[in-house]
DNA sequence: GATTTCGCTCAACAGTCGTTGACTCAACGA
DNA sequence: TCGTTGAGTCAACGACTGTTGAGCGAAATC
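Residue numbers (UniProt numbering), protein chains in the order written: chain F, 1 to 185; chain E, 1 to 185.
Right, here's the structure in full:
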């Protein structure tokens, strides 16, 4: 089989990264082992080290993702933007995001990464919202979605199993809208 | 000093349990070690095993808590009940709850325990809410609070740091109320 | 006061983990 | 064709973990 060396290398590296994402997402940073990743990628554990240097760097590479391009939003667009992230999440939330979320409570590096992602989202929402406590309300919106995503994707709460994303969006829209508007004392 | 044997035993056991709760809450199940718990309780690691049998049982004992007694609730009381759990949580959320939450995404046993606690809360809220999708809306309310608690207590999101609980309750009340009421198609 | 009980410690075992260095062998460039 | 590079493997090290059994010494029992 005439597979060039560079190509082979790229494929194996990708296979390792995919395996790492799956295991980190399923088990979290601690329980996922280099040996397990290697076994799933059909590769020797030492090769994982040779390519990624350490378990820590493997995790960072597996979790790294491109931040979504941002445009301007108004208050109403903010609600739909948050609900949109829900829609994406209920479909095929990227394995890397799941890996980050799975470990964010127990692995310091994952926690830092999660804080950064959430902070970016909060910034974006706050710009679109009136009032001086806009950041606080934006944070509450973001954490609301975090809770629902955690409950659905990671804890697999029964009540959310198999509920179509449109219905969730429909139920959540008034609730999120209430966090957007400026209250009257 | 004449401290009776039974009393001494009880004190040491309590010291170990307290240490376990703190470490499980700070580090999660995996990173918290029997040796670490023993060191913090100023005791030999073997004693922890002798008293609790295994790390798993130590965790269960540390996390076990008495479910709050439940009375009747109406739809409006449900919102205040959820907000009340927030109030408690922002003050001195018991170390055992923090330990459970910290590990719920990475430790299967903690996940099961969390599901049970959340399920109980969902049941309680659903009874107080009208409509056939009451359980779903109750789940969304519960997960909303979970997200905010996680963000505040475990991820320590900057935006929530030092915000008085009354203001959080004030901002969240309309949002939660929107999840309670029956929508008109 | 002698004996038993038991809270507690000490030292070690077995397993798993991340990580490393020496090695094999096929693809590559001259 | 020959030497070189580099993808990939093998076996092992050292550290850390949960867990165990033997033993010590003071409190309890008679």
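We put the CB at the ideal spot given by N, CA and C, even for glycine.
Around the beta carbon of residue 141 of chain F, 16 or more other beta carbons sit within 10 angstroms, so the residue counts as buried. Approximately 5 Å separates the beta-carbon atoms of residue 75 of chain E and residue 180 of chain E; this is inside 8 Å, confirming the contact. For residue 23 of chain E, the nearest beta carbon of chain F is not closer than 8 Å to its own beta carbon. Between residue 56 of chain F and residue 109 of chain F, the CB-CB gap stays under 8 Å. The beta carbons of residue 136 of chain E and residue 82 of chain F sit no closer together than 8 Å. For residue 70 of chain E, the closest of E:146, E:123, E:107 and E:31 by C-alpha to C-alpha distance is E:123.
Not flagged as an interface residue toward chain E: residue 94 of chain F, since no C-beta distance is shorter than 8 Å. Residue 133 of chain E and residue 178 of chain E have their C-alpha atoms roughly 14 Å apart. Excluding its 5 nearest sequence neighbours in each direction, residue 50 of chain E has no C-beta neighbour in its own chain below 7 Å. The three-state reading of DSSP puts residue 162 of chain E in coil, since its state is none of H, G, I, E or B.
For residue 178 of chain E, the nearest CB of chain F lies under 8 Å from its own CB, placing it at the interface with that chain. Counted as a single uninterrupted DSSP element, the stretch harbouring residue 72 of chain E is not any alpha helix (DSSP H), since DSSP gives it neither H nor E.
Residues of the segment 117 to 128 of chain E with a Cβ closer than 7 Å to any Cβ of chain F, in chain order: 118 and 122.
Around residue 104 of chain E, the beta-carbon contacts reaching into chain F at under 8 Å are 105 and 155. Residue F:158 holds the alpha-carbon nearest to the alpha-carbon of residue 116 of chain E among F:78, F:158 and F:172.
Judged by DSSP secondary structure, residue 57 of chain F falls within the alpha helix (DSSP H) whose first and last residues are 55 to 63. For residue 150 of chain E, the closest Cβ of chain F is nearer than 8 Å.
Around residue 84 of chain E, no beta-carbon contact reaches into chain F at under 9 Å, the shortest distance being about 17 Å.
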